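**Student:** Residue numbers (numbering that gives the first Met the number 0): 0 to 297.
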Amino acid sequence: MADTDDIRETKNYFPGIPARHEGFYLKGSHQLDWGMRNRLARIFRPVSARTVMLAIDHGYFLGPTTGLERVDITILPLLPYADALMCTRGILRSTIPASFGNGVVMRSSGGASTLKEMSNEHIAVDIEDAVRMNVSAMAVQVFIGGKFETQTVNNMTRLVDMGLRHGIPTMGVTAVGKNLARDARYLGLASRICAELGAQIVKTYYCEEGFETVTAACPVPIVMAGGKKLPELEALTMAYNAVSQGASGVDMGRNIFQAEAPAAMIQAVGKVVHELMKPKQAYEFYLTLKNEQAKERK
Ligand code: R5P
Numbered sequence: 000m001a002d003t004d005d006i007r008e009t010k011n012y013f014p015g016i017p018a019r020h021e022g023f024y025l026k027g028s029h030q031l032d033w034g035m036r037n038r039l040a041r042i043f044r045p046v047s048a049r050t051v052m053l054a055i056d057h058g059y060f061l062g063p064t065t066g067l068e069r070v071d072i073t074i075l076p077l078l079p080y081a082d083a084l085m086c087t088r089g090i091l092r093s094t095i096p097a098s099f100g101n102g103v104v105m106r107s108s109g110g111a112s113t114l115k116e117m118s119n120e121h122i123a124v125d126i127e128d129a130v131r132m133n134v135s136a137m138a139v140q141v142f143i144g145g146k147f148e149t150q151t152v153n154n155m156t157r158l159v160d161m162g163l164r165h166g167i168p169t170m171g172v173t174a175v176g177k178n179l180a181r182d183a184r185y186l187g188l189a190s191r192i193c194a195e196l197g198a199q200i201v202k203t204y205y206c207e208e209g210f211e212t213v214t215a216a217c218p219v220p221i222v223m224a225g226g227k228k229l230p231e232l233e234a235l236t237m238a239y240n241a242v243s244q245g246a247s248g249v250d251m252g253r254n255i256f257q258a259e260a261p262a263a264m265i266q267a268v269g270k271v272v273h274e275l276m277k278p279k280q281a282y283e284f285y286l287t288l289k290n291e292q293a294k295e296r297k
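(1) So, A263 versus L229, is the Cβ gap smaller than 9 Å?
(2) Report yes if the C-beta of M35 is less than 8 Å from at least one heavy atom of ligand 1; otherwise report no.
(3) With 16 other CB atoms within 10 Å as the buried threshold, where does H20 fall?
(4) Considering only residues of the segment 151-178, which uninterrupted beta strand (DSSP E) runs meet the minimum length of 3 residues and lie entirely inside it, listed in chain order?
(5) Within the continuous beta strand (DSSP E) that includes K202, where are the two ends?
(6) Between which two residues does the beta strand (DSSP E) holding D250 run?
(7) Any heavy atom of ligand 1 closer than 8 Å to the Cβ of F147?
(8) Cβ of H57 within 8 Å of any heavy atom in ligand 1?
(9) In whole angstroms, give me the CA-to-CA distance for R106 and K270.
(10) Contact between the segment 80-94 and the segment 274-290 is defined here as three or more beta-carbon pairs at a separation below 8 Å; is this criterion met?
(11) So, helix, strand or coil for L84, using DSSP?
(12) Once DSSP output is grouped into helix, strand and coil, what is the label at R106?
(13) Go ahead and label H29 buried or exposed: buried means 16 or more other beta carbons lie within 10 angstroms of its beta carbon, across all protein chains shown.
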C-alpha cells in the first residue's frame with residue numbers, strides 16, 4: 000500500500016492557464032494516435048522534422064548487392080549516423096543489434112525477384128511480427144502503372160489497416176518500372192495515391208522538373224529515394240534540391256553504402272538534410288572526413 004502519512008494539500012491547479020495542446024511537427028500527422036506519432040518521431044528528428052533514412056533492404060529482391068554482402072561489416076558502423084534504418088526482418092533479426100535505438104522501417108512486402116515480374120509482390124510479414132520487432136514503420140512497394148498495380152495497392156491498404164490497429168505507420172514506396180517515366184506527373188500521381196489510400200509516409204524519386212509540385216500535392220511527408228549510384232557531389236546536390244523543394248528527408252541506399260567513404264557520406268547527407276548545408280560545402284565536409292578516416296586507418 001502507498002505511504003499516506005505526509006499527504007499535502009494540493010494547490011497547483013493554475014486555473015487561469017489553459018491546458019497545453021501541442022500540434023505535431025510533421026505534415027499531415029497531427030491527428031494520428033500518440034503511438035503512431037511517437038513512432039514517427041523516432042524516424043523524423045523533431046528539431047528539423049526531417050530524416051536521414053538508410054535503405055539496405057535491396058537483398059529482398061536483388062540478393063547480395065554490392066556494399067551489402069556483409070551487413071555486419073559495412074553497415075553497422077553507419078548506424079550511429081542514421082535517423083532510421085530501412086531493412087528486412089531477416090537482416091534486422093540476424094544482424095542489427097537490438098540496442099539500435101533509432102527508427103526501424105521494416106520492409107513488409109516481397110515475393111518477386113529481379114528474375115521475374117517485379118510488381119508481383121505480396122505482404123511479407125504478419126502485423127504481429129512488426130509489433131514484436133517494435134518497428135517504427137512498415138514499408139510496402141506500390142507499382143502504379145505496373146502489371147500488378149491493384150495487387151500492390153491492396154497490399155498497402157491492408158498494411159495501413161493493420162498498422163492503424165497497432166499504431167504503426169506505413170510507408171508507401173512508389174516503384175518505378177523500366178517503362179515508366181520518372182517525371183513530376185507520374186511521381187505526383189503515385190505519391191498522391193499512396194497518401195490518399197492511407198500511407199503515413201511516402202517514398203518517391205526526385206525529378207528535376209516540378210518536384211515541388213509532387214511534395215506540395217502530397218499531404219504526408221515525402222522522403223526522397225536515392226536510386227542508382229551517382230558521384231558524391233551529384234548525390235548531395237539531389238538530396239539538397241529535394242529537401243529544399245519540400246521533401247522531409249531522404250531514404251538513400253547505394254549512394255551511401257557504395258560511396259568511397261560511406262561513413263563520411265552519410266554524415267554529409269545529414270548536414271544537407273538537417274542543416275540545409277549547400278551541396279558544395281557538404282562535399283567539402285565529405286572529403287575532409289574521408290581524408291581523416293583514411294589517415295586513421297594508416
Ligand atoms: C526501393 O525500391 C527499395 O526500397 C530499395 O531496395 C531501396 O530502398 C533502394 O535504395 P537506393 O535506390 O537508394 O539504393
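By construction, the Cβ of each residue, glycine as well, lies at the ideal position given by its N, Cα and C atoms. In this text, all values refer to a predicted model and were calculated from it rather than measured experimentally.
**Tutor:** Per the coordinate set shown:
(1) On the sequence shown, residue 263 is found 264 positions in, with the first residue counted as 1. On the sequence shown, residue 229 is found 230 positions in, with the first residue counted as 1. No; because the gap between Cβ atoms is not below 9 Å, this pair is not in contact.
(2) Reading the sequence shown from its first residue, position 36 is the one you call residue 35. Answer for M35: no, Cβ out of range of ligand 1.
(3) Within the sequence shown, residue 20 is the residue found at index 21, counting from 1. By the neighbour-count rule (16 or more Cβ atoms within 10 Å), H20 is not buried but exposed.
(4) 169-173
(5) What you label residue 202 is simply residue 203 of the sequence shown in a count that begins at 1. K202 -> beta strand (DSSP E) spans 200-203.
(6) The sequence position of residue 250 within the sequence shown is 251, counting from 1. 248-251 is the span of the beta strand (DSSP E), which, as asked, contains D250.
(7) Looking up residue 147 in the sequence shown gives position 148. False, no ligand heavy atom lies under 8 Å from that Cβ.
(8) Position 58 of the sequence shown, counting from 1, holds the residue named residue 57. The answer is yes for H57.
(9) On the sequence shown, position 107 is the one that residue 106 refers to. On the sequence shown, position 271 is the one that residue 270 refers to. Their Cα atoms are separated by approximately 26 Å.
(10) no
(11) Taking the first residue of the sequence shown as position 1, residue 84 is located at position 85. In this structure, L84 counts as strand in the three-state DSSP scheme.
(12) The count along the sequence shown starts at 1 and reaches residue 106 at position 107. If DSSP states are grouped into helix, strand and coil, R106 belongs with the strands.
(13) For the purposes of this step, residue 29 is taken as the residue at position 30 of the sequence shown. Label assigned to H29: exposed.
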